[in-house]
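Report on one structure; see the data block that follows.
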Amino acid sequence: MTTTSAMTPQPVPPKVPATENLLEVTDLRTYFFTRQGVVKAVDGVDFALKPKETLAIVGESGCGKSITALSLLRLIPVPPGRIISGSIKLDGVDLLGLGEEEMRRIRGNDISMIFQEPMTSLNPVMTIGRQIAEVLLLHQGMSTKEAYARAVEMLRIVKIPEPEQRVKEYPHQLSGGMRQRAMIAIALACNPKVLIADEPTTALDVTIQAQILNLIVELQERLGTAVVLITHDLGVVAETAQRVIVMYAGRKVEEADVGELFARPMHPYTRGLMASIPRLDLMRGEEKEGVERLQEIPGIVPALSALPPGCAFAPRCPHADDRCHAEYPPYEQKRSGHWAACWRSDELFGGVNA
Amino acid sequence: MGAYMIRRFLLMILTLFGMSVLIFVMLRIVPGNIVDILFDSAGMVNPDDKKRLEEELGLDKPIVQQYVTWITSMMKGDFGYSYVSEKPALDEILPRIPVTAKLAALALFFSVLFGVPLGVISAVRQNTSLDYFLRVVSLSGLSLPSFWLGLLILMAFVQYTGWIPIYSDQPRGFWHELWLLSIPAAAVGFRASALIMRLTRSSMLEVLRQDYIRTARAKGATKQSVNYDHALRNAVLPVVTIIGIEAAFLIGGLIVTETVFNIPGVARFLVEAIRWRDYPIVQSLVMLIAVVTVVVNFLVDMAYVVLDPRIKYES
Amino acid sequence: MHDGAESGVTPGTANGAADSSPRHNRAPALEVRDLKKHFAVKKGLLQKTIGHVYAVDGVSFTIREGETLGLVGESGCGKSTVGRAILRLVEPTSGSIKIEGEEITGLSKQELRPYRREMQIIFQDPFSSLDPRMSAGDIVGEPLKVHGIGNAAERRERVAELFARVGLRQAQMDSFPHQFSGGQRQRIGIARALALNPKLIIGDEPVSALDVSIQAQVINLLMDLQQERGLGYLFISHNLAVVEHISHYIAVMYLGRIVEYADKRTLFTSPRHPYTEALLSAVPVPDPSIKRNKIVLDGDVPSPMKPPSGCHFHTRCPIAQERCKIESPVLRDVGNGQKVSCHFR
Amino acid sequence: MATIDHKAELARAGAGVSGFWGTAFHLARRYPLGAAGAVIVLLFVLTALFAGYLTTYDPTTTNARSSLAKPGPDHLLGADFMGRDMWSRIVYGARISLAVGIGSTVLGCFFGVIIGLMSGYYGGWLDLLTQRVMDILQALPLLVMALLMAASLGPSLTNTIVAISIPIIPNVARVIRSNTLALREMPYVEAARAVGMSEWKIAFRHVLPNTMAPLIVLATAQLGSAILTEASLSFLGLGIPEPHPSWGRMLSESAAEYVRTAPWLVIFPGIAISLAVFGTNLLGDAVRDILDPRERS
Amino acid sequence: MKAVWLTAAALGLAVGMGDVATAFAQKSGGTLRIYHRDTPASASLHEEATVSTQLPFMAIYNNLVIYDQQKKTNSLETIVPDLASSWSLDDTKTKLTFKLVDGVKWHDGKPFTSEDVKCTFEMLQGKSKNRLRKNPRAIWFRNLKEVTTKGPLEVTFNLEKPQGAFIALLASGYTPIYPCHVSAADMRTKPVGTGPFKFAEFRGNEVIRLTKNPDYFKKGLPHLDGIEMRIIDNRSTRILAFQAGEFDMTFSQDITIPLLKDMVKQAPKAICETKPQYVHRNLIVNREAAPFDNPKVRTAMALAIERKAFVDILTEGKGDIGGAMLPLPEGGWGMPPEELAKMTGYTGDVAKNRAEGRKIMEGLGYSASNPLKVKIATRNIAIYRDPAVILIDQLKQIHMEGELEVVDTPLWHAKVARKDYQVGMNLTGVAVDDPDANLVENYACKSERNYTNYCNPEVEKLIEQQSTISDVNERKKVVWKIEQVLNDDLARPVIYHDRAATCWWPHVKGFVGHENSIYNNWRFEYVWLDK
């Protein structure tokens, strides 16, 4: 029934040996215990991240992508949240088995994170410099003076003008874009192995979003950080990520390299998602005239506390049959390096055998 | 910034002016006047004598004229004469201020000393048994009438030590005075510290929910650093306000405490002056309290400007 | 600073001449001329006005029935203020607003009431746009009640029709907003806007807060309704892709002014203004196979309180020259109904 | 990794709870202190309502033989100096405290809401004026204000209620005003405006109902302090006059006279006040937590 | 050490026995600490009528003559010289001449002369420019024609007609001699006297301090260095403070009977003397307005009152039942039981009285279901309120439903003066146990303190009559007659006379409390501290 049992016969992708993976997440389950019942926010998610790779996790709100990110750093609010099972191995060390103090040494040092709202995510009563220096003092054993010098350096790296001046300023004195740059400076100050970016550009204007995405990509190349990019924007995914995981209702429904995924989506949800967004680029190539309807995904995202027995997407899926409604589909490799959880993907969209 | 301060200052003056009118009118509504009371002590009323006395005290004049006389002479620094003691109002009030001020300062000191750290602990350990215990303690602080508490303390002292910790104007040295003041200060400070503790707790909890706390944790900051460095710095801002307001409002609590512990401070003097309908004293005292309250609020606002970078750099 | 030059679109003439599509023969549902909204910035002791936020600084456009004008721009460009000023939710500083040829700017609240039936608004946030203490049915029925249309039973019937039309079940009429999902709430908002049978609907970022899969449902609903009822839309959004999809004409705003106006095909295939170009280029394309050179603008959008001199865009413009700092470009017709406010394009 | 007991976790979260009693039971488990407060307040209210059934003595009848009687079978909590039964006086005292507490809170909230709503919604000179008046009313500590008011009005039950309600007004008005200011800008208010609803209708139909949650929180907080203020005023001789059995007054007399001979005269009214206020405070805290939108999710 | 203690004990015994021979072995020095119950309105004895003023300030002044400070009873026989060394009455019994002590100086150093005496009485009669704000006892001196001086050391009081008890009024603590050269206003705040103690400090709500007058004309007196009176409003606090040893002495009769038990338990060593206060609870009845304009209703009310119940509840049976004059045994003019029993409402058979009262009321159409509603006004102080509560309880018996109307202290006398009441519960204190003081003050037509404006020509005549009688027994008969009339008229029906205790620690020596007045024994000349 569950993803794991379905996973067992399927070997882990042989392309990359397991040890090469920087971060390996297996069967991660994070549940929330609420009045409405058990909210299975993350329900058996596994993925691996190689050094210097950018992995995007896409999905709509409530699909569990942000909770996945927070689970990686063990920042789930307890209660009501609990990591029920699974392992998160960083360089082979299971983070879920670590003590709180050991975990603390990892946060901000080996794995760091940037958030959606740069305004609220920075401490309003501390200078930018101090907030950057703090991580360095915490993890790098620098002297205060060194740490501040490095803070200025970091601001320069994230292309904030006049870093010597800015280092003394408070978050509210910066514009939205600048704040997100400062956040990135904090996150990258210790040269982490993994950067988790949770919707880093959603709150920003389009032109600023472009700046920030450029910056992330550029810095990733320069510093060699692996990035987990959490987003709902397929455009951002297409332009930034190498590999993509699509989540729906707390579970992975599809995973592939970015080109493969966009070219041949194997899950009806992914397909629906792609068809439902208006696309600017199509305008330029071909002539479009008159009103053209977008393809809808009917219905609404199900409540995580009351998931249907079978495939969670079945109620909204145009292709769902009885089996879909009754039983959760196994998560299988449909094509080389392309996994999906759908009973009918092979017959509909052409799987391994197609 | 400068303009903001001046604006606040002018509003403050306006409030005080309004206060002066309010208090003046209110006291004139009060049934009975000082003349009635003065006669009461003699157990008689002679209408002729009464009229003469009213004239002597200027109480026969129209209320507007009385007000104008009062406010203009107050501007000149003349606060009038106490009807009862026939001494200048200032001579009556000024010597009493240090007594109350010391008591209030001590109570405030206690309340901050206990209120802030316990509030933080309570918030950090939210929903633990320690938290519940501290919340019950702080709530009882808000629930016990302070005069009752004071009385129980007095009773206990006399019962078990044979000594009574009431005020003496001739203390035997600094420590004795401190000790004498500490007991009523603790009685009245209990409430204030409960208030500060609760506010610190809720302010901390509010701050601990903020995104930047998650950021701090994601940075790998230690629990101590998250709680005290990141959270407390933000949480103290509203606490500063309440401490400021409390500083002025302690006077309310002191009224009953001074009565129980027989401390001749301004707070009890006010009750006494109201009872005596001693207008010059009541008016001056109320204005004094209003000035203290308003000035403290003004200072708190200014402190906010200093403490909160968000305000400092705005405009 | 603001130079007072008209930087809008002259209605009728240019538009009409450029496009001979039949819908342009109808009377314009909305005609906005040189609309300005300046918010006074007060400061100091006497709350003296020390400056203005030039939220909307001379905007003109026309919307006909059955036609959608998309208004795009980044946050703070004044696009929402345009919508709210038209509805007189904020009092416009100057300019003219005509509903079907009738001037409404000078009208009192009472005089305005009949015109309120002609235009309605849909808000961005499906959570805060519905009173949490009223049932969905009451929310949708409220405009009818305010205008004294029908009795209680008739109103309920009309509300039921509206519910059906926007795809909600009648049984949900007695539910409260928190019992609905975001998409459903937005449908309630649309039903409310439709209740008075308006000619014009102003959508203030109506789909921005919705998930992608829901967004499509709402966009389709809006487009269907337009087809059905010949509604005019003023569609305000920062999402170029959505605007492109739904609009017939598009106006791009930057710091209170329209910098480019064109029918959508022209705008997207041959943008003239450097800002439009940058905007279009910045939108991520959900196709990894397309690799293009993005135009990434430097810096942030300046404060609308202190807009740059001359051409507001010169501080970030890749082709700016000295002239741009001094001279404010006029929105001029460059043919084909396209209007650009740039000295060089 | 510790095993997680789903049932226990769900029970803590209150899953599967339904109906009034179910919800009440769940809330009681989630907020045990609040539940204790609710019980105390309920007892307090029931005592006030059914005072006649709970007592055998009239609270004002004097009796020479039982002057200063010790607590015992005849007089459960003893009798005061004039031989009046303490239990009866405390039970009937609940009525006074409740009347003053609720009366002044309701009165203060009523005017506070009207002033706050008008001031926040209409703004302009009206706002400026009321803000200044509120400033003035707040420039004095609650007790000082109540003291002056009580002295102005003279001691009586109604006057005490009025005196205590006056300082409540600015507190309520401030909160309602700031809420109104926020609500005034809410899109649903704009929507109502956009359909041409009149401003005062908007204020009462859309703004007022949405200020109720903070008002309830504030009112429960004020309730306890109103009871305490009444006790203080009566203690100082400016509150409820005899023969009404006010707790504060009982304390002032007995406190002044017979602390050591008859400590029960001091202990019991003190406990009654403390308990009533403690109960309302506990309840108020829980109400605040429950109504706080952040806690609801 | 032990020897000293023994001596002291012996001395205490001697003082206790009322022996005059205390002139040896007193220790000098020390400050007597007394607690005070409230802040006196002023220091001017002539303007006030409360022991709150009398106790702290009487020691500043001297009278011409004074009731013996070392004897318990005030009577004409116990009047001793003060500023006057001797006095004589002429044959017409209308000229009372005093010889003054030589060399007496005011505290400010100015000499005391006969002019000061003249000034004082002219002021009391409203003849001088130096006017008192209030003059509560002006009526005392209605019979005084003028005061004449003969040289600096002789002064004569010229009376309109003979008044045997006139000198008793001069001996009261309420009749000190004021200096001519100090204004009445200054006397209120910075009093100047010739007495054993000088005014040092008076801080409202806090403290009153007196210091020894080293130049006191009575050689060797006073013994104390000073007196400190700290003001503590809250009774429980001040009693606790006394028990904790913070004070040497309580305020005058501050310890009520119920409190005395506690005092004996908590402070067994303290000496507590329970004495009458000469303060009686009485009813003031508005005879001009319905329903008490009807004499029948007044009689019914008189019959309803069970005085013993008041005494039992409020004083644990220790209080005294009597008329306007202080009852026996302490009172010099008290009625014997057989006289008392003649008065309406004083017979022991309460049930019968009440049945009679009920019958009267029923005759007027009232019944248990249709009671007469009456408002009982009283001051908002426990000593007033408590008896009022009991009265309401008792009136139920005769179909009267009383409702307590609590009047804020400041309004009380004004309200009474306005006649804005039906029945009031009142307290009356008497300074001098003499009908000329008591009856005149409270029942004479023109007296300021005759709150009810009671004016009965018969009573007026009898009062004048008794004043001139020199034979005590004859005078008593007239006084009792007056009592009868007053009671029947329900002029100001007396409920009971209170008793309470004053306590001090054994080391306080030489203090004698008077048993028939609380206003006259605060000179503190002979008090000394044995520690």
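Residue numbers (the numbering used here), protein chains in the order written: chain A, 420 to 773; chain B, 5 to 319; chain C, 12 to 356; chain D, 124 to 420; chain E, 1162 to 1692.
Even glycine gets a Cβ: it sits at the ideal position worked out from N, Cα and C.
All of these numbers come straight from a predicted model, not from anything done at the bench.
Interface residues of chain D facing residue i [CB-CB closer than 7 Å]
i, result
"Leu148 (chain B)", "Ser397"
"Asn1541 (chain E)", "Pro278, Gly360 and Pro364"
Member of the options whose CA lies at the smallest distance from the CA of residue i
i, options, result
"Gln320 (chain B)", "D:Lys130, D:Arg153 and D:Trp387", "Coverage of chain B is limited to positions 5 through 319, which leaves residue 320 (chain B) absent and any answer about it impossible."
"Ile579 (chain A)", "A:Ser594, A:Gly718 and A:Asp513", "A:Ser594"
"Arg307 (chain D)", "D:Ile291, D:Phe327 and D:Ile289", "D:Phe327"
"Met532 (chain A)", "A:Gly505, A:Pro727, A:Glu618 and A:Gly516", "A:Glu618"
"Ala1326 (chain E)", "E:Val1593, E:Glu1621, E:Thr1663 and E:Trp1683", "E:Val1593"
"His1658 (chain E)", "E:Ile1240, E:Ala1470 and E:Asn1617", "E:Ala1470"
Residues near residue i by beta carbon distance below 7 Å, same chain, minus five either side
i, result
"Ser755 (chain A)", "none"
"Arg292 (chain C)", "Inspection of the sequence shows that residue 292 (chain C) is occupied by Ser rather than by Arg. Cβ within range, chain order: Lys305 and Ile306."
Within 9 Å, strictly: CB atoms of residue i and residue j
i, j, result
"Cys730 (chain A)", "Ala760 (chain A)", "yes"
"Pro217 (chain C)", "Leu242 (chain C)", "no"
"Arg203 (chain C)", "Phe138 (chain C)", "no"
"Ala161 (chain D)", "Ala336 (chain D)", "no"
"Tyr1582 (chain E)", "Glu1566 (chain E)", "yes"
"Pro537 (chain A)", "Arg575 (chain A)", "no"
"Leu155 (chain C)", "Ala147 (chain C)", "no"
"Ser1203 (chain E)", "Thr1372 (chain E)", "no"
"Ile257 (chain C)", "Tyr244 (chain C)", "yes"
"Ser504 (chain A)", "Gly516 (chain A)", "no"
"Glu1602 (chain E)", "Arg1298 (chain E)", "yes"
Close beta carbons around residue i, own chain, < 8 Å, minus the five adjacent residues each side
i, result
"Val656 (chain A)", "Ala475, Val477, Leu648, Thr650, Val663 and Val677"
"Leu31 (chain B)", "Arg281, Tyr283, Val286 and Gln287"
"Arg34 (chain C)", "The predicted model places Arg34 (chain C) with a pLDDT of 47, which falls under 50 and marks its position as unreliable; any figure quoted below should be read in that light. Excluding residues within five positions, the ones whose Cβ falls inside 8 Å are Arg75, Glu76, Gly77 and Glu78."
"Pro498 (chain A)", "Phe452"
Within chain A, the residues that residue i reaches when beta carbons sit closer than 8 Å
i, result
"Tyr216 (chain B)", "Thr539, Ser540, Leu541, Asn542 and Pro543"
Contact set between residue i and chain A, taken where Cβ atoms lie within less than 7 Å
i, result
"Gln228 (chain C)", "Glu715"
"Glu216 (chain C)", "Within chain A, no residue comes near Glu216 (chain C); the closest Cβ sits about 13 Å away, beyond 7 Å."
Closer than 8 Å at the beta carbon, the chain G residues around residue i
i, result
"Lys106 (chain B)", "Checking the listed chains, one finds no chain G in this structure; the protein chains it contains are A, B, C, D and E."
Check each residue of the stretch 243 to 273 of chain B: if its Cβ is closer than 8 Å to any Cβ of chain E, include it; give the result in chain order. Thr263, Val264, Phe265, Asn266, Pro268, Arg272 and Phe273
The stretch 1545 to 1576 of chain E: which residues have C-beta closer than 7 Å to a C-beta of chain D, in chain order? Arg1546, Asp1547, Val1550, Ile1551, Asp1554, Leu1565, Val1567 and Asp1569
If contact means a Cβ-Cβ distance below 7 Å, which residues of the stretch 1424 to 1437 of chain E contact chain D? Gln1427
Which residues, in chain order, does the stretch 322 to 337 of chain D contribute to contact with chain B at a C-beta distance below 7 Å? none
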